[in-house]
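J.:
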Amino acid sequence: KVENMVKMLSLVVRGLCDKNGIVLKDSFSSNTPRHAKEDENVQSDEQKQHLEDDASKGSMDSSLDNSSSDSDYDSNDDESMSSHESNANNNANVAPQNDESQVKDKKFQEYLSMARLHACAALLHLSKQCCVSDILCSNNDLLQNLIAVTYEIDNPVHTRCIEILCQLTRFPTNNIKLSKREELVKALIKCGKSKNGEDRMWCMRTVQNLSSDASSKIVLATSSMLEMLSISAMRTEVEEQLSAVGAILNLSTEPGAIVPLTNTKNVVATLVHLAHTPNSSPDVCHMACEALATIGLWLQTLAAAGTVPEGMDATPLPTHVSTGWLRYQ
381 KVENMVKMLS LVVRGLCDKN GIVLKDSFSS NTPRHAKEDE NVQSDEQKQH LEDDASKGSM
441 DSSLDNSSSD SDYDSNDDES MSSHESNANN NANVAPQNDE SQVKDKKFQE YLSMARLHAC
501 AALLHLSKQC CVSDILCSNN DLLQNLIAVT YEIDNPVHTR CIEILCQLTR FPTNNIKLSK
561 REELVKALIK CGKSKNGEDR MWCMRTVQNL SSDASSKIVL ATSSMLEMLS ISAMRTEVEE
621 QLSAVGAILN LSTEPGAIVP LTNTKNVVAT LVHLAHTPNS SPDVCHMACE ALATIGLWLQ
681 TLAAAGTVPE GMDATPLPTH VSTGWLRYQ
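When the letters of the sequence shown are read in order and numbered with my numbering, they come out as residues 381 to 709.
1. Which residues in the same chain have their Cβ closer than 7 Å to the Cβ of residue 496, if we skip the five residues on either side of it in sequence?
2. Cβ atoms of residue 597 and residue 634: under 8 Å apart, would you say?
3. Looking at residue 576: is its Cβ nearer than 8 Å to the Cβ of residue 539?
4. Determine the burial state of residue 449: buried for a count of at least 16 other Cβ atoms within 10 Å of its Cβ, exposed for fewer.
5. Should the region 516-523 be regarded as contacting the region 479-494, the criterion being three or more beta carbon pairs within less than 8 Å?
6. Leaving aside the five residues before and after residue 554 along the sequence, list all residues of the same chain whose C-beta is less than 6 Å from its C-beta, in chain order.
7. Roughly how many angstroms lie between the CA atoms of residue 511 and residue 551, to the nearest whole one?
8. By how many angstroms is the C-alpha of residue 583 removed from the C-alpha of residue 600?
9. Kindly indicate which three-state DSSP category residue 567 falls into: helix, strand or coil?
10. Take residue 672 and list the residues in its own chain whose beta-carbon comes closer than 8 Å to its own, dropping the five residues that flank it on each side.
11. Reducing DSSP to helix, strand and coil, say where residue 710 ends up.
12. Using the Cα positions of residue 619 and residue 581, report the straight-line distance between them to the nearest angstrom.
13. Short check: CB of residue 530 to CB of residue 499, under 8 Å?
14. Should residue 543 go down as buried or exposed, given a rule of 16 or more other Cβ atoms within 10 Å for buried?
15. Threshold first: 4 residues or longer. Then list the alpha helix (DSSP H) segments lying entirely within the region 467-524, N to C.
16. How big is the Cα-Cα spacing for residue 422 and residue 386?
17. Using the rule of at least 16 other Cβ atoms within 10 Å of the residue's Cβ for burial, across every protein chain shown, is residue 494 buried or exposed?
18. Is the beta carbon of residue 591 sitting closer than 8 Å to the one on residue 627?
19. Quick one: give me the first and last residue of the alpha helix (DSSP H) that residue 532 is part of.
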């Protein structure tokens, strides 16, 4: 029951409902809302019916013209005038119908927007409950719909969808499942560059929780993700900065992430700046120093694992001895 209810709510959040309020369960994989497609189909059917009526009417008119070939010129003029009058009457009748349909469409969009907000609020409440967190994260339809809505930047629902995903990452076993979703990682990178500070905050918190899982660190240690984290670490918003630096610290504990961390532009420079600037909070300064020390430790370990050429003394590396200026003789 919970799985079916969650699936229905996720479809409503994505806006996959028709004008009768019926959730279209077979259309969650489509990028275009199903109700829009149904409207197009209805319009095409109506146009087809109008064409068929016009064709039948035209054939009847042609038969009447052939049977009355002896009619004079004045009668033809009368018929043409009557046809123009009938067309004008038809156009006058169509205009009110179009206005009425536009009003119905506007009302439908208003009700649909409210339904999406209420369904999103219900899912947000459920995502904060540990007893159902694993069930929600195992629902593929829910995750697909939430990720799809995060790309609707102009829709206020998309911020709440990012928050729902963040709430799911609070349950540690969910991070293994979520980090394997490439579309989720791409959505986090895109929303992490948003102009909305709340969007960025929830994205940073989500990445921080995902990076706490050991198996997820290699997946997240990409240049695009690290660039986003370093940019957020330099912002003035406290919560966003804390989460971004915390995510970098989590990634620095993985040996396989050292090369991306040192190769990505401005990551190390950002940590050095945060560790020494007086404007950093104590927590940010502490985490930046820890990240730099961890990166240095891994680099020292890599240096100690270097191959010593034959004929040289196998002294522990690094030697910590200053050799001065080495010149080529």
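We treat Cβ as the ideally placed atom computed from N, Cα and C, and that holds for glycine.
T.: On the basis of the coordinates in this document:
1. So the qualifying residues of the chain are 392, 393, 395 and 537.
2. For residue 634 and residue 597, yes; Cβs fall inside 8 Å.
3. Judged by their CB atoms, residue 576 and residue 539 are nearer to each other than the 8 Å cut-off.
4. Its pLDDT being 47, under 50, residue 449 is placed unreliably by the model, and the measurement read from it follows with that caveat. Residue 449 is exposed by the Cβ-count criterion.
5. No, the region 516-523 is not in contact with the region 479-494.
6. Excluding sequence neighbours, residue 554 sits near 517 and 548.
7. One C-alpha to the other measures close to 10 Å.
8. Between residue 600 and residue 583, the C-alpha separation is close to 13 Å.
9. Residue 567: helix per DSSP, three-state reduction.
10. These residues qualify, in order along the chain: 648, 651, 652 and 655.
11. Outside the displayed range of the chain (381 to 709) lies residue 710, so it cannot be described from this structure.
12. Distance between the alpha carbons of residue 619 and residue 581: 6 Å.
13. Result no, Cβ atoms of residue 530 and residue 499 do not sit closer than 8 Å.
14. Residue 543 is buried by the Cβ-count criterion.
15. Listed in chain order, the alpha helix (DSSP H) elements of length 4 or more contained wholly in the region 467-524 are 510-517.
16. The predicted position of residue 422 is uncertain, since its pLDDT is 42 and thus under 50; no value can be drawn from it.
17. Label assigned to residue 494: exposed.
18. Yes, these two residues count as a Cβ contact at 8 Å.
19. Looking at the DSSP string, residue 532 is not in any alpha helix (DSSP H), and its letter there is neither H nor E.
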